[in-house]
Every structure is written in C-alpha cells, then in structure tokens.
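Undergrad: Residue numbers (my numbering): 212 to 632.
Backbone N, C-alpha and C fix where the C-beta goes; we use that ideal spot for every residue, glycine too.
Note that the coordinates shown come from a computational prediction; the quantities given were computed from them, not determined experimentally.
1) Let me check one thing: in DSSP terms, what residues is residue 611 bridge-paired to?
2) Rounded C-beta distance between residue 589 and residue 555? I'm assuming under 8 Å.
3) Which class does residue 382 belong to by DSSP, given the choice of helix, strand or coil?
4) If residue 603 and residue 425 are in contact, beta carbons under 8 Å, what's the gap, nearest whole angstrom?
5) Can you grab the Cα-Cα spacing for the pair residue 254 / residue 433, in whole Å?
6) With DSSP run on the structure shown, which of helix, strand or coil describes residue 441?
7) Just grab the DSSP bridge partners of residue 561 for me.
8) Touch check for the stretch 432-449 and the stretch 482-499: three-plus C-beta pairs under 8 Å?
9) Kindly list the residues whose CB is nearer than 6 Å to the CB of residue 273, restricted to its own chain and excluding five residues on each side of it in sequence; keep chain order.
10) Between residue 304 and residue 410, what straight-line distance do the alpha-carbon atoms span, to the nearest angstrom?
11) Go to residue 270, then tell me how far its beta strand (DSSP E) extends in each direction, as first and last residue.
12) Would you call the CB atoms of residue 535 and residue 486 closer than 8 Å?
13) In chain order, what residues of the same chain lie with their CB nearer than 6 Å to the CB of residue 429, ignoring the 5 residues before and after it?
14) Measuring only the C-alpha atoms, how far is residue 448 from residue 531?
15) In terms of residues, what are the limits of the alpha helix (DSSP H) holding residue 329?
16) Which class does residue 555 belong to by DSSP, given the choice of helix, strand or coil?
17) Can you name, in chain order, every residue of its own chain whose Cβ lies under 8 Å from the Cβ of residue 285, other than the five neighbours on each side?
18) Of the choices 629, 623, 344, 497, whose alpha-carbon is the least far from that of residue 524?
19) Could you pull the start and end residues of the alpha helix (DSSP H) that residue 358 belongs to?
20) Give the DSSP-derived three-state secondary structure of residue 497 in the structure shown.
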C-alpha cells in the first residue's frame with residue numbers, strides 16, 4: 212500500500228487514516244477475537260464530534276447506536292476487548308445483552324476520553340461491518356415486459372441448442388513423453404482438486420433419518436414445552452427449531468460436484484451394504500432418542516443443540532456403521548474425515564435456522580458456517596430437559612441426502628440408500 216495514499220475510513224462524516232501493519236496473523240474464529248489496541252491506534256484518535264457527548268453530574272456520557280450482531284466484536288473473547296478499551300481510554304462501556312437492540316453507552320470523567328473510546332469503537336465496528344454478508348442491495352429493475360420476453364426467448368433457445376452439453380461429458384486429458392511425467396501431472400491435478408473441493412460448500416450429506424412419527428411427536432412436545440418454559444431466555448424462539456419432518460443424524464458431508472460424483476458416492480454406499488448387514492446381523496436397529504447435548508464450552512452461548520441417540524441394547528453398532536461409511540467415502544476422496552470416530556449428531560435447535568430454515572451445519576466439527584449467528588442461552592433448557600424422551604423406533608437405513616431438498620414425506624431427497632435388513 213502507498214503510505215501517501217492510505218485507506219480512508221468515513222465514520223459519521225469524519226475521515227480517519229488507517230495505516231497497514233506488517234505482521235503474520237493466523238486465522239482465528241470470530242469468537243476468539245481479542246482487541247490489542249493496534250487497529251485503533253492506526254487511526255487518529257481525534258475528538259469525535261459526530262455524536263452528542265453529554266455532560267453529567269459524574270462526568271461525560273455518549274450513546275452509540277450499534278446493531279446487536281456487532282456487540283461481540285466490542286466485547287471480545289471473555290470480555291477482553293471491552294476491558295482493553297476501558298483501560299486504554301479510562302472510560303466505562305455499557306453494552307446491552309446479546310440479541311437485544313439498544314445503544315452502547317460510554318461514560319468517563321473527561322470529554323476527550325469518552326470521544327477517544329467512541330472513535331475506537333466505531334473503527335472496530337466499521338472494520339467488522341465490512342466482513343458481514345450484505346443484507347440489501349441497490350438496483351435498477353430490468354424486469355420490463357419486453358426484457359422479460361427477450362430473456363425467456365434467450366433461455367428457450369439456449370436450452371434447445373446447448374442443453375445437451377453437460378460438464379460431466381468433459382474429461383481432462385494429460386499427455387506426455389514419459390509415464391513419470393504424466394503421473395506427476397495427474398498427482399498435482401488431484402492435489403489441486405482435493406484442495407479446492409474442501410473449500411466448496413457441501414451439496415449432500417450422509418444421514419440416518421430420525422423422522423419416525425413417534426420421534427416427531429416427541430420433538431413437537433419438546434418444542435412446545437421449551438417455548439413455554441424457556442421462551443424468555445436470550446435467543447430462544449420458534450425459528451431456531453428443526454423441521455420435525457427433517458429430523459436426522461448427520462454422519463458426514465459431501466461436496467459432489469457433478470452427476471458422476473453422485474453416482475460414484477452411491478456406488479460406494481452400495482458396496483458397504485454387506486458390511487452394514489454384518490454389523491446389524493441383517494436386522495433393523497432398535498434405537499432410542501433421549502437427552503440433549505451441546506458441543507461448545509459455554510451453555511449460555513449455544514449455536515446448536517443436539518438430541519442423543521443410542522441403540523437400545525447398549526451396543527455401539529450405530530457408531531460402527533457410521534465409522535465404516537466415513538472410512539469408505541473418505542478413502543475415495545469424496546468426504547473429509549475430521550476425527551477418528553464420527554461424532555453422530557441429531558440437530559434439534561440451530562441458530563442458522565433463524566435466517567434460513569433450510570440451512571444445515573457444516574458437520575460435527577463445531578465450526579460455524581455463518582458469521583452472523585445469534586447464539587441462545589441453553590442453561591435452563593439443559594437443566595429442565597437434559598433427559599427428555601423423544602421416542603424409540605427401528606432404524607433400518609442410511610442414505611445420501613441432497614442438501615436444500617424435500618421429498619414427498621417432507622424429508623430430504625435421497626440420491627442413494629442401503630437398508631440394514
């Protein structure tokens with residue numbers, strides 16, 4: 212970056228310079244963000260007159276309107292960012308509870324201290340706002356009847372003349388004078404493909420369906436009682452509950468990028484049929500859905516709540532099936548193996564559903580897929596419903612489910628399945 216032309220940040224009509232810092236910075240999850248003071252110090256700490264700083268009996272006060280989804284960036288991990296800001300500026304910063312829209316209030320003994328804290332907060336907010344996915348867009352509408360008519364004609368002609376050309380019909384061809392050279396090129400191509408496949412959003416997932424009528428009935432009872440007894444807890448509302456028709460146990464996710472890969476995944480699943488039958492002795496597995504759990508460390512800030520599922524005879528047959536399936540698909544390069552033993556999990560509450568009812572987790576890794584999630588307080592839910600009984604049934608199949616799809620039963624569309632019996 213040209214130091215004579217630094218990045219300019221416009222905050223409420225005032226312009227601040229932001230200078231680059233030359234340092235290596237490993238990736239961190241957003242919740243691990245802690246304020247070091249460096250970013251704020253890059254910007255001029257000039258008095259901020261864009262806000263009304265009021266004089267009070269004890270000093271000075273300034274209130275800032277900040278969307279609740281940005282509170283966590285001002286608070287930081289274990290409150291470190293707020294503490295550092297308060298220490299550096301000798302002010303007190305009051306932030307509303309997570310999920311509650313309101314104002315961040317800065318108080319201090321001196322006007323300059325309050326102005327400095329406000330400026331630093333706004334720099335942090337502006338920095339992280341740029342990383343948020345956009346919610347609205349400014350546009351010119353092109354849906355004039357004449358344009359729509361032309362577009363429909365274009366679509367019809369494209370499908371008529373080019374609709375038979377499919378990406379699966381194309382094959383990369385490597386040629387060379389020596390076998391070793393060709394083999395080396397193929398290996399490098401496969402490494403690149405594997406690297407970029409990991410960055411693709413998953414398209415399918417391997418699952419055990421939990422949408423048996425008895426379990427759905429138990430889940431609806433659970434939802435009703437939770438909303439009745441814990442509906443006032445932070446972040447808890449009906450929008451974050453799973454669709455009962457889509458209750459399932461996730462085994463793992465797959466990014467299947469064309470029809471050939473879908474067919475290949477299904478073929479591998481069919482090859483596991485005999486292994487599964489050996490584990491189940493060619494019989495359905497009687498399972499029980501009882502109890503709930505979460506995967507992070509703080510029950511007051513939960514993004515996903517899971518139902519526990521166990522085989523009624525106390526065996527680990529379900530775990531064995533899941534591990535063998537993941538081993539098979541991972542060895543073929545179609546699934547990423549994240550741990551030695553699969554963490555089988557049945558999502559019943561997920562904050563991703565708040566904005567997108569069809570959303571799904573990346574998997575059991577615990578990593579969030581959406582940086583704009585509003586966690587919920589699950590303390591009371593865990594205390595009151597920790598051993599809640601959802602129901603029991605005989606599980607008899609595993610399937611490759613297509614993401615963002617629905618079949619005639621309300622469950623996900625299947626591109627392949629095998630039965631236990």
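TA: On the basis of the coordinates in this document:
1) Within the chain shown, numbered from 1, the residue matching residue 611 stands at position 400. Answer by DSSP bridge pairing, in chain order: 417, 627.
2) Residue 589 sits at position 378 when you count from the first residue of the chain shown. Residue 555 sits at position 344 when you count from the first residue of the chain shown. Contact flag wrong, Cβ pair sits at about 20 Å.
3) Along the chain shown, one-based indexing puts residue 382 at 171. Note: residue 382 maps to coil in three-state DSSP.
4) Reading the chain shown from its first residue, position 392 is the one you call residue 603. Reading the chain shown from its first residue, position 214 is the one you call residue 425. About 7 Å; that satisfies the 8 Å criterion.
5) Position 43 of the chain shown holds residue 254. Position 222 of the chain shown holds residue 433. Caution is warranted here: a pLDDT of 39 is assigned to residue 254, below 50, making its placement in the model unreliable, and the coordinate value is therefore given only provisionally. Computed Cα separation, rounded: 51 Å.
6) Position 230 of the chain shown, counted from the first residue, corresponds to residue 441. In the structure shown, residue 441 sits in a helix (DSSP, three-state: H, G or I).
7) Counted from its first residue, the chain shown places residue 561 at position 350. The partner list for residue 561 (beta bridge, DSSP) reads 515.
8) no
9) Taking the chain shown and counting its residues from 1, one reaches residue 273 at position 62. Excluding sequence neighbours, residue 273 sits near 262, 264, 317, 325, 329.
10) If you number the chain shown from 1, residue 304 lands on position 93. If you number the chain shown from 1, residue 410 lands on position 199. Going by the C-alpha atoms only, they are around 39 Å apart.
11) Looking up residue 270 in the chain shown gives position 59. Where residue 270 is concerned, the enclosing beta strand (DSSP E) stretches over 270-277.
12) As a first step, residue 535 is located in the chain shown; it is residue number 324 there, counting from the start. As a first step, residue 486 is located in the chain shown; it is residue number 275 there, counting from the start. Taking 8 Å as the Cβ cut-off, residue 535 and residue 486 qualify as a contacting pair.
13) On the chain shown, position 218 is the one that residue 429 refers to. If we look at residue 429 and ignore the five residues flanking it on each side, its Cβ neighbours are 601, 602.
14) Against the chain shown, residue 448 aligns to sequence position 237. Against the chain shown, residue 531 aligns to sequence position 320. Cα-Cα distance, rounded: 36 Å.
15) The residue you call residue 329 lines up with position 118 of the chain shown. Run containing residue 329: 322-340, per the alpha helix (DSSP H) assignment.
16) For the purposes of this step, residue 555 is taken as residue 344 along the chain shown, with counting starting at 1. Residue 555 falls in the coil class under three-state DSSP.
17) What you label residue 285 is simply residue 74 of the chain shown in a count that begins at 1. Closer than 8 Å at Cβ, skipping near neighbours: 277, 292, 293, 296, 304, 306, 315, 332, 335, 336.
18) The residue given as residue 524 occupies position 313 in the chain shown. Per the Cα distances, 497.
19) As a first step, residue 358 must be located in the chain shown, where it is residue number 147. Looking at the DSSP string, the run of the alpha helix (DSSP H) that includes residue 358 is 356-373.
20) Within the chain shown, residue 497 is the residue found at index 286, counting from 1. In this structure, residue 497 counts as strand in the three-state DSSP scheme.
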